[in-house]
Amino acid sequence: MVKLKIKIISKILLIFILLLTFGCSDVLNVETKPDKIEREITFTLVLNDNTGFMQTLFGSSRVRGAEVTLKSNLLGTEYKLVSDTNGVVSIKGILSDKYLVTANRQMTPEEMQIISGSSASNVKLANKNKRIVELNAAITEPVQLDMELVVGSSPLIISEIYGSGPSGSGLYYHDKYVEIFNQSDSVLYLDSLMIAVVYSSSYLGLNYRDDPAYVHSKSIWIFPGTGHDYPIQPGEFVVCAEDAIDHRINAPNSINLSHSAFEFYKDDAPDVDNPAVPNMIRIYQPAGNDWLIGGERSALILARFSVDSLKAFDDQFLIPYRTILDGVEYMSDPTKLDEKILNQSIDAGTTGGIQFYT
């Protein structure tokens, strides 16, 4: 019995010595709390300008002076920061998590005067295409954010236009489409929203870019629905296809648009109709056998406007600037700003640079 007590006391003394020598965490193999490690890490975001505006103004493609908000997915905590002159945002003392990031850089009228020759006041750069980032203590590389042009503050924008045609397929042009994006944090509705092609004619010498109040159009379509039939979720993209079919059957380098959300269909022409895809409603397009946008250049606008209020002008209809949510112009050479057809208050520049039917 005495020997047993001595053994127990010896073991207790041994444990006590180990605790003094190595500490509790070493003996028990307790890891350092993850949040302590993470709070010592500096997370970095780099904001890159895809418009060329910053390069023109400051000689660098980094976006300085942008207001950045990070919202933790796990905790809901928000952090507000401003990018420095190198377009960098650094933050320390936050936990690894997925974050909703919103970055905006408002362009001043003075800056827009230098860039485009027009002192537009409703132009900004924003991270339209990447809204969720993962900040992880194990990842040391900076997070890259591309900043795109946004005109006005519309929650619905035109995020992509495809009109150049697939490569190696001759003059195949039936795979055109336009994509709409909900950049807000709310459910919105596409019902009766208008998509119109901006009209101009180099042949006739017609360009209404400087019209002070209206976009001129000869191709006006609206989404179906009467109010709440076609929701678009926050962060959702919706594709409206010229023909909602698998174009790879006819052009191997094309794409599959058979699962598009909407389709432009002319019921009085030899057009293709996918019965599984809701049709856009044609309001006005007297020419062509299908919805038509230019391969080398064109401009589209997205508007919230009653078709009953459209005003006629010659063989066109007029859409007020005040009703336009977004507008995008593209051309094969986006540096030719003197050839623009869309008023700079809607789209200050152009995009493109893609060859026609490559």
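Residues 763 to 1120 (my numbering) make up the sequence shown, in order. Cβ coordinates follow ideal geometry from the N, Cα and C atoms, glycine included.
Rounded straight-line distance, which links the Cα of residue j to that of residue i
i     : j     : result
I994  : R1059 : 28 Å
V959  : L1080 : 11 Å
Y1027 : P904  : 46 Å
I1011 : K833  : 44 Å
L918  : T988  : 18 Å
S963  : E872  : 32 Å
F1024 : N891  : 21 Å
T818  : R824  : 11 Å
S946  : V1034 : 33 Å
I920  : A828  : 22 Å
Q1078 : I876  : 33 Å
L837  : M1042 : 41 Å
L966  : E941  : 30 Å
S845  : D1005 : 43 Å
L907  : N835  : 18 Å
Y1046 : A1074 : 11 Å
N866  : D937  : 33 Å
V1000 : F820  : 36 Å
A899  : E910  : 28 Å
L933  : A1013 : 10 Å
T902  : A1031 : 57 Å
D1052 : H1009 : 15 Å
I1063 : I856  : 41 Å
L1054 : T1085 : 23 Å
Y970  : L1099 : 14 Å
A1065 : S954  : 9 Å
Range of the contiguous beta strand (DSSP E) that encloses residue i
i     : result
M1093 : 1086–1093
L1062 : 1059–1065
F820  : No beta strand (DSSP E) contains F820, which is instead part of the alpha helix (DSSP H) from 815–820.
Q868  : 859–868
W983  : 976–984
T988  : No beta strand (DSSP E) contains T988, which DSSP labels as neither H nor E.
I1190 : Limits of the chain in this structure are 763 at one end and 1120 at the other, which puts residue 1190 out of reach.
N1015 : Where N1015 is concerned, there is no enclosing beta strand (DSSP E), given that its DSSP letter is neither H nor E.
I856  : That residue, I856, is in no beta strand (DSSP E); it is neither H nor E in DSSP.
L843  : 840–844
V1039 : V1039 -> no beta strand (DSSP E), and no H or E assigned at all.
E829  : 829–834
T804  : 804–811
I1045 : 1043–1046
DSSP state of residue i mapped onto helix, strand, coil
i     : result
L1072 : coil
D1109 : coil
I774  : Because the pLDDT at I774 is just 49, under 50, the model does not fix this residue reliably, and the value given afterwards should be weighed accordingly. Three-state DSSP puts I774 in a helix.
D973  : coil
L1099 : helix
M824  : Contrary to the premise, residue 824 reads as Arg rather than Met in this sequence. Three-state DSSP puts R824 in a strand.
E998  : coil
P871  : helix
Y1083 : helix
G1114 : strand
Cutoff 8 Å; reference residue i; Cβ partners in own chain excluding five residues on either side
i     : result
Y1083 : A975, Y976, V977, N1105, S1107, I1108
V949  : P993, I994, Q995, P996
E749  : The chain is shown only over 763 to 1120; residue 749 falls outside these bounds and no answer can be derived.
W983  : M956, I957, A958, F1026, M1042, I1043, R1044, I1045, Q1047, W1053
I768  : Low per-residue confidence applies at I768: pLDDT is 45, beneath 50, and the placement is therefore not dependable enough to give any value.
Chain-order list of residues whose beta-carbon lies under 6 Å from that of residue i (same chain, five-residue window excluded)
i     : result
L790  : Its pLDDT being 37, under 50, L790 is placed unreliably in this model, and the value from its coordinates should be taken loosely. Within the same chain, L790 has no close Cβ partners at all.
L952  : F985, Y992, I994
V912  : K886, A888
A1003 : Y939, L1019, S1022, E1025
S852  : T804, T806
V863  : L832, V895
F815  : I877
S981  : V959, Q1047
N812  : D908, E910
N848  : R824
Proximal residues to residue i (C-beta, below 7 Å), its chain only, five neighbours per side dropped
i     : result
S883  : P871
T1113 : V1090, Y1092, P1096
S858  : E800, L897, N898, A899
R893  : L862, V863, G997
S916  : L1087, D1088
CB contact check: residue i to chain D, cutoff 8 Å
i    : result
N891 : Here there is only one protein chain, and chain D is not present.
Distance cut-off 7 Å: residue i Cβ against heavy atoms of the ligand SAM
i     : result
S1068 : With respect to the ligand SAM, the structure shown offers nothing to examine, as it has no ligands at all.
Item to check | Contained alpha helix (DSSP H) runs [length at least 4] in the segment 940–971, N- to C-terminal order | outcome: For secondary structure counted as the alpha helix (DSSP H) over 4 or more consecutive residues, the segment 940–971 holds no complete run.
Next on the checklist: For a minimum of 4 consecutive residues, which ranges assigned as the alpha helix (DSSP H) are wholly contained in the segment 874–907?
Outcome noted: List check, alpha helix (DSSP H) in window: nothing returned.
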